[in-house]
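S.K.:
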Amino acid sequence: MKTVLKRIRYELGTVFRLIRRALLRQMPGRLLLHWSDRALLVRIFLQECVRQRQARQSPSIEPTISSWDNKAVLTRSILERHPLWGTQEPFQSNIPGMLTQSEKQYYSYLPKFYQGQGDVVELGPWLGLSTSILIQGLLKNPLFKDRKMFVFDDFVWRASWMGKWLQDEDLDEPPNYGSFLPLFQEQMKEYAEHLSVERQKIADYQGNEELPTLSWSRGRIELLIVDCGRQLHVNEAWYRILSPHFIPDRTMIVMQDWQNFKRVPEVFWENTKIFTDSKGDALDMIHEVDNAGLATFLYRG
Ligand SMILES: C[S@@+](CC[C@H](N)C(=O)[O-])C[C@H]1O[C@@H](n2cnc3c(N)ncnc32)[C@H](O)[C@@H]1O
């Protein structure tokens, strides 16, 4: 009886949370919409309820993935208000960046589950906020001993959308389309010996055309963090190059901005969910982080 009540409370909580989100975050600006547009919003809302419900099925992840100290087991967690990483103290970093507090907690939590079965790769570190948090977590994990984290970016400064993130910082902004690799290196000097940094492009994009294309010849990849664009061709590009090195039932792929498909109205180039859906059962969603944009997938082969 207690379990049934708990289940009902959980389901009701989910519905209320979805309604609150839809009303508070998305609807107010849209109340003057034509009735047909409102009907569309309701349809999107209901579809989203169904999607979240399906994604939550089977919380256990098979085969089991344990933390390096065997104190925790990785479980499925979809937009939970109190996820396991919710109590995680985020690692400190003064590097400017684009992560929410929940994402910092998540990036501090996930490296516990690294098992040393393949490399850790990050695409799109920008100035290194995500990198600095992930590496602090990895360095606490003995299974990362003597390893490096492999970081790729074209390091091309795009003032139109990067500049605003430096507004309150005491840092000189690089010239538009100039390289910001020196700025990254300066920010990351504390962790330089644990990083392998390559200036490569994942796909052609404003000012990176002359750079070499992403390449990988090291073997298996266990953890991949993707924060380098949301368009289909960019995601297809890294997937083509890196997925032959993924380990079935083990490789975790963190997709930043995955939740942007929820934006109303939809933005035509926010294609990350279309990309992951197109991979069918190969990408099994295990985490969707609340108050954040990311989702994580387990590669199933
Ligand atoms: C949103 S920022 C990453 C934010 C960062 N992870 C943080 O913690 O603040 C995206 C990064 O991806 C890089 N990027 C975007 N498109 C790229 C491409 N086609 N090839 C290589 N790097 C790219 C950008 O240079 C930028 O550093």
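According to our numbering, the sequence shown is numbered sequentially starting from 1299. No residue lacks a Cβ here, since even glycine has one placed at the ideal position from N, Cα and C. This one's a predicted model, so the numbers in the text were calculated from it and none came from an experiment.
Taking only runs of the alpha helix (DSSP H) that begin and end inside the stretch 1398-1447, which ones reach a length of at least 4 residues, in chain order?
M.R.: 1399-1407 and 1427-1438
S.K.: In chain order, which continuous runs of the alpha helix (DSSP H) of length 4 or greater are located wholly inside the stretch 1331-1390?
M.R.: 1333-1354
S.K.: Report the residue from Gly1599, Asn1589 and Met1583 whose alpha carbon sits nearest the alpha carbon of Thr1373.
M.R.: Met1583
S.K.: Where in the stretch 1517-1562 do unbroken runs of the beta strand (DSSP E), each at least 3 residues long, occur, reported from the N-terminal end onward?
M.R.: 1519-1524 and 1550-1553
S.K.: Do you know whose CA, among Asp1335, Ile1393 and Ser1494, lies nearest Glu1467's CA?
M.R.: Ile1393
S.K.: Does the CB of Phe1389 have a neighbour CB from chain B at under 8 Å?
M.R.: Of the chains in the structure shown, none is chain B; there is only one protein chain.
S.K.: Among Ser1375, Asn1474, Leu1344 and Ile1359, which has the Cα closest to the Cα of Thr1549?
M.R.: Ile1359
S.K.: Is Trp1514 near ligand 1, judged by its Cβ being under 7 Å from some heavy atom?
M.R.: no
S.K.: Quick one: what does DSSP say Tyr1597 is sitting in, helix, strand or coil?
M.R.: In the structure shown, Tyr1597 adopts extended strand secondary structure according to DSSP, grouped into three states.
S.K.: Tell me whether Phe1482 sits in a helix, a strand or coil according to DSSP, three-state version.
M.R.: helix
S.K.: Could you tell me the alpha carbon to alpha carbon distance between Trp1366 and Pro1473, rounded to whole angstroms?
M.R.: 43 Å
S.K.: What is the DSSP secondary structure of Phe1573, reduced to helix, strand or coil?
M.R.: helix
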